[in-house]
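1 is the number of the first residue of the sequence shown in the UniProt record's numbering; add one for each residue after it. Glycine included, each C-beta is placed from N, C-alpha and C at the ideal position.
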Amino acid sequence: MSKILNHPRVYAFLHIPVQSGSDGVLMDMKREYCVGDFKRVVDFLKENVSGITIATDIICGFPGETDEDFQETIKLVEEYRFPSLFINQFYPRPGTPAAKINQVPAQLKKQRTKELSQLFHSYNPYDHKVGERQNVLVTEESFDSKFYVAHNRFYEQVLVPKNPEFMGKMVEVDIYEAGKHFMKGQPVSDANMYTPSITRPLAKGQVSGLTEVSKRDFLLYYTSKTAAVQA
């Protein structure tokens, strides 16, 4: 895996769901790993893939989760300070084994989710990257239509000015601002842009494949198929 993630045409990014920092909770979830296994994988990747982004998921309030279990999850997040963390409350699905276990009170689940969210928002993973020069791939328009969205080697989001020439290109930028979930980059004026793929990027709303077929091409295709069947 580390060899793949070190390839220049692969993002150094991996989503590894841990779900809980407590071995007891993981056992109740019927997960086939423990926290130590998760740490070994993450530590190995961090050591062998420089700068890799690790994203993970956590479920708050799984049935039977104690205060001590939850604190183990807090410690895990404090230790690794995941730049991308998806936090969810547990909701029982009727008919599943977990729905039959003693449930954590709804208010307590909400409280734990809030505490974990506050921890996640207490640190900014990209502040130290302000001032860096990065190569980013521009792929789409931002939700508010004010920027183009690009990603760097580590699949971290970098917002760049809306210049149509940038779309689908690798652009060299200087990082001048960092937020919780993104950075902003100013394109280097004398840098060369290039398209990293062998095909042109699709326009917004366009799907891959043939968008239209001429009547002549369709008749040729239909005739050839009919002849093949008759033969």
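Asked, Found
"So, is the C-beta of residue 157 closer than 8 Å to a C-beta in chain B?", "The chain inventory of the structure shown lacks chain B, comprising one protein chain alone."
"What are the uninterrupted segments assigned as beta strand (DSSP E) that are 3 or more residues long and contained completely in the stretch 89 to 127, given in chain order?", "none"
"With a threshold of 8 Å, are at least 3 pairs of Cβ atoms found where one atom belongs to the stretch 13 to 22 and the other to the stretch 34 to 48?", "yes"
"Can you list, in chain order, the residues of its chain with a C-beta nearer than 7 Å to that of residue 81? Leave out the 5 residues immediately preceding and following it.", "123 and 125"
"Return the CA-CA distance between residue 298 and residue 144, expressed in angstroms with no decimal places.", "Since the first residue shown for the chain is 1 and the last is 231, residue 298 is missing from the structure and cannot be characterised."
"So which of 129, 106 and 170 has the shortest CA-CA distance to residue 137?", "170"
"Quick check on the DSSP output: the beta strand (DSSP E) that includes residue 186 runs from which residue to which?", "183 to 187"
"Since residue 136 is in the beta strand (DSSP E), which residue starts that stretch and which ends it?", "133 to 141"
"Suppose contacts are defined by Cβ-Cβ distances below 8 Å. Is residue 59 in contact with residue 90 by that definition?", "yes"
"Tell me where the alpha helix (DSSP H) around residue 53 begins and ends.", "No alpha helix (DSSP H) contains residue 53, which is instead part of the beta strand (DSSP E) from 53 to 60."
"With DSSP as the reference, please indicate the residues paired to residue 177 in a beta bridge.", "184"
"Which term fits residue 130, buried or exposed, when burial requires 16 or more other beta carbons within 10 angstroms of its beta carbon?", "exposed"
"Helix, strand or coil: which one does DSSP assign to residue 80?", "helix"
"If you follow the alpha helix (DSSP H) that residue 154 is part of, which residue opens it and which one closes it?", "Here residue 154 belongs to no alpha helix (DSSP H), and DSSP marks it neither H nor E."
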